[in-house]
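To start, the structure itself, in structure tokens.
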Amino acid sequence: MTETRETTNAAFTPRVFSGIQPSGDLHLGNYLGALKRFADAQNRGIQSIYCMVDLHAITVWQDPADLKRSTRELCAGFIASGIDPEKSILINQSQVPEHAQLAWIFNCVARMGWMGRMTQWKDKAGKNAENASLGLFAYPALMAADILVYHATHVPVGEDQKQHLELTRDIAAKFNHDYGVEFFPITEPVIEGAATRVMSLRDGSKKMSKSDASDASRINMTDDADAIARKIRKAKTDPEGLPSEVKGLEDRPEARNLVNIYAALDDRSVEAVLAEYGGQPFSVFKPALADLAVARLAPISAEMARLMADPAQIDRILTEGAARAREITAPILRQTYDIVGMVAPA
Ligand code: TYM
Numbered sequence: 002m003t004e005t006r007e008t009t010n011a012a013f014t015p016r017v018f019s020g021i022q023p024s025g026d027l028h029l030g031n032y033l034g035a036l037k038r039f040a041d042a043q044n045r046g047i048q049s050i051y052c053m054v055d056l057h058a059i060t061v062w063q064d065p066a067d068l069k070r071s072t073r074e075l076c077a078g079f080i081a082s083g084i085d086p087e088k089s090i091l092i093n094q095s096q097v098p099e100h101a102q103l104a105w106i107f108n109c110v111a112r113m114g115w116m117g118r119m120t121q122w123k124d125k126a127g128k129n130a131e132n133a134s135l136g137l138f139a140y141p142a143l144m145a146a147d148i149l150v151y152h153a154t155h156v157p158v159g160e161d162q163k164q165h166l167e168l169t170r171d172i173a174a175k176f177n178h179d180y181g182v183e184f185f186p187i188t189e190p191v192i193e194g195a196a197t198r199v200m201s202l203r204d205g206s207k208k209m210s211k212s213d214a215s216d217a218s219r220i221n222m223t224d225d226a227d228a229i230a231r232k233i234r235k236a237k238t239d240p241e242g243l244p245s246e247v248k249g250l251e252d253r254p255e256a257r258n259l260v261n262i263y264a265a266l267d268d269r270s271v272e273a274v275l276a277e278y279g280g281q282p283f284s285v286f287k288p289a290l291a292d293l294a295v296a297r298l299a300p301i302s303a304e305m306a307r308l309m310a311d312p313a314q315i316d317r318i319l320t321e322g323a324a325r326a327r328e329i330t331a332p333i334l335r336q337t338y339d340i341v342g343m344v345a346p347a
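In my numbering, the protein residues as written are 2 to 347.
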């Protein structure tokens, strides 16, 4: 199986795809787990496509005016974090119809049982699955289509998306097997660095998330310096100071989280951070972390605000991105339809 997968991928040019939902504010988890790393891929010269996944966002209710604002703000967030719309392709998912078209094919490839096992589905639908949207259940098939409609080979994401990416591989493998082709690549998840799972500042056992009711649990990309410093000062910790070695962070999820955040913000290893701060109390470490977070995030939020002052320019960037994207997606969708046996227009 592994061998087949490797053979399949060797035929594809490296291409990166990733997406973020435009639902609510961007937070530090999105930045460290995803956005910051997107710029790295782009700067290594790999063709990269980054997507505001508005079709995914509406799998739960979104106020229409808020969705438009969040989509533009997310686009501003991508650019402010270093994505160059000339080097990479920046798109809004609904403007590239091939995503939804391929998703339908994948709805017919994926099995109900696979979807039912997704932990994100179980968490989001909870006990009220009867009332969840059909779109929420099918969500991972659309995600597979986002990636595979570009024949993307690498997908940088945070840890929480790992299961969805395994499903993407399963869908590609089943499509290839059922139709006897080697058409879709078996995509590699790229989950790397110190901050693949940034945790809540209030509870080290929960991930930082936009859906947490407590605003104090997360740092939003639009928070000002005072809010960032206050949230870090109040972040839950334990009474001990910082250890000098990584093993001293075992069973200390809140301390581990703050050290991980420091390391990721400063592009350093956890070991290097502990070499500097080991033995120090949180009364020393927290202000240092707050200063670092403000230094890194303030220029991004200022740039986001500047870009948001000209929404027409953001809309132009997305329109151009969609046109460039469709040069890739339209032929891949055409070939998919042909493989499946659909009669092409004369
Ligand atoms: P979304 O919008 O929930 O999150 C966007 C990205 O941020 C990462 N992330 C985190 N990383 C570290 N710590 C955290 N606390 C944290 N919270 C979020 C996520 O892992 C993700 O990389 N289904 C996706 C969007 C999507 C997608 C795709 C991603 C749609 N199609 C195709 C990749 C490829 C989602 O809801 O991400």
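Note that beta-carbon positions come from the ideal geometry of N, C-alpha and C, so glycine has one too.
- Residue 292 has its alpha-carbon roughly 15 Å from the corresponding atom of residue 278.
- In this structure, the CA atom of residue 267 is about 39 Å from the CA atom of residue 174.
- Under the three-state reduction of DSSP output, residue 189 falls in the strand class.
- Taking 9 Å as the cut-off, the beta carbon of residue 178 is found no closer than this to the beta carbon of residue 147.
- Apart from the 5 residues on each side of it in sequence, residue 305 sits with its Cβ closer than 6 Å to the Cβ of 77, 78 and 81 in its chain, given in chain order.
- Residue 152 is positioned such that its CB atom lies closer than 9 Å to that of residue 185.
- Shortest gap from the CB of residue 196 to any heavy atom of ligand 1: under 8 Å.
- Residue burial is scored here from C-beta neighbours: residue 162 has at least 16 other C-beta atoms within 10 angstroms and is therefore classed as buried.
- Nearest to residue 83 by alpha-carbon distance, out of 13, 35 and 160, is 35.
- Separation of residue 289 and residue 64 (C-alpha to C-alpha, rounded to the nearest whole angstrom) is 39 Å.
- Taking C-beta atoms as the reference points, residue 222 and residue 302 count as a pair closer than 9 Å.
- In this model, residue 205 and residue 211 are separated by some 16 Å (Cα to Cα).
- The three-state reading of DSSP puts residue 240 in coil, since its state is none of H, G, I, E or B.
- Between residue 10 and residue 187, the C-beta spacing is below 9 Å.
- The straight-line gap separating the alpha-carbon atoms of residue 209 and residue 29 is approximately 8 Å.
- Using a cutoff of 8 Å, the CB of residue 210 counts as near ligand 1, since one of the ligand's heavy atoms is closer than that.
- Counting the other CB atoms within 10 Å of its CB gives residue 112 a total below 16, which places it among the exposed residues.
- The criterion of a C-beta distance shorter than 9 Å is satisfied by residue 345 and residue 335.
- Relative to ligand 1, the beta carbon of residue 140 is positioned inside 8 Å of a heavy atom.
- A distance below 9 Å separates the beta carbons of residue 261 and residue 199.
- A straight line joining the alpha-carbon of residue 189 with that of residue 317 spans about 31 Å.
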